[in-house]
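Down below is the structure, laid out as C-alpha cells.
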Ligand code: M6P
Ligand code: ZN
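Residue numbers (this note's numbering): 21 to 207.
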C-alpha cells in the first residue's frame with residue numbers, strides 16, 4: 021500500500037460519493053406499521069419516498085471493532101399530523117452507541133430507553149447527538165425542506181426493527197398547530 025492515500029469516499033455538497041456506497045430508499049408502502057393514522061396513509065401514494073440512506077460499509081456487517089458511516093435524507097411531509105420519519109430501531113447488540121450530526125434542515129431525534137421512557141432532541145445544522153447503547157432512535161423531519169444527517173455506528177451493532185414494529189415508541193411526534201409536540205402514542 022502507498023504511504024499516502026487519498027480516500028475516494030467523501031462528502032460532495034451533501035452527497036456521499038465514491039465507489040461501493042450502499043443506497044436504500046424507503047417509501048410509504050414500506051412504512052405502514054410506523055404511522056398511526058392509517059386513513060391518512062391510504063390517501064397518499066404508496067410509492068412516495070419518505071427517506072433515503074447512503075452508507076459506507078468499509079468492513080462486512082457484524083465485524084467487531086469496526087465502524088459504519090451513513091447519511092440519511094428525510095423528505096418533508098406528514099401522514100395526518102405525524103411528520104415523515106425513519107423506522108427507528110434498537111441496536112441488535114444493545115450496548116452499542118451511535119453519533120448523529122445534523123447537516124441541513126430541521127428535525128427531531130426521538131430517543132426511547134428500554135423502560136419506554138421517551139424524549140426528543142432538536143436537530144439543526146451542526147447539532148451533534150450522542151445516542152447511548154440500549155436506546156432506540158428515530159428521526160423526524162419537522163421542516164419544509166430535506167433533513168439530512170450523518171451517522172457513525174459500530175459495525176457489529178445491527179438493527180433490531182422488530183421490537184419497534186411490534187411495540188412502537190411510547191411517544192410520537194405530531195404537528196400541533198404548526199409546532200412539533202411529543203405526545204403519548206395511542207395506536
Ligand atoms: C442512520 C443510521 C442507520 C439507519 C438510518 C435510518 O443513518 O442510524 O443505521 O439505518 O439512520 O434509520 P432506520 O434504519 O431506523 O430506518
Ligand atoms: Zn442505530
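Backbone N, C-alpha and C define an ideal beta-carbon position, used for all residues, glycine too.
- According to the DSSP assignment, residue 206 belongs to no beta strand (DSSP E), since it is labelled neither H nor E.
- Take the alpha-carbon of residue 203 and the one of residue 185: they are about 18 Å apart.
- Looking at the backbone, the Cα of residue 148 and that of residue 120 are separated by about 6 Å.
- In the three-state reduction of the DSSP assignment, residue 90 falls in the strand class.
- In this structure residue 152 is exposed. Its beta-carbon is surrounded by fewer than 16 other beta-carbon atoms within 10 angstroms.
- Not one heavy atom of the ligand ZN falls within 7 Å of the beta-carbon of residue 52.
- When beta bridges are read from the DSSP output, residue 158 appears opposite 130.
- In the DSSP assignment, residue 168 falls within the beta strand (DSSP E) that extends over 167-174.
- Residue 30: member of the beta strand (DSSP E) spanning 30-32, first to last residue.
- The Cβ atoms of residue 198 and residue 159 do not sit closer than 8 Å to each other.
- Per DSSP, residue 187 has no beta-bridge partner at all.
- Residue 92 counts as buried, since at least 16 other C-beta atoms from the protein chains shown sit within 10 angstroms of its C-beta.
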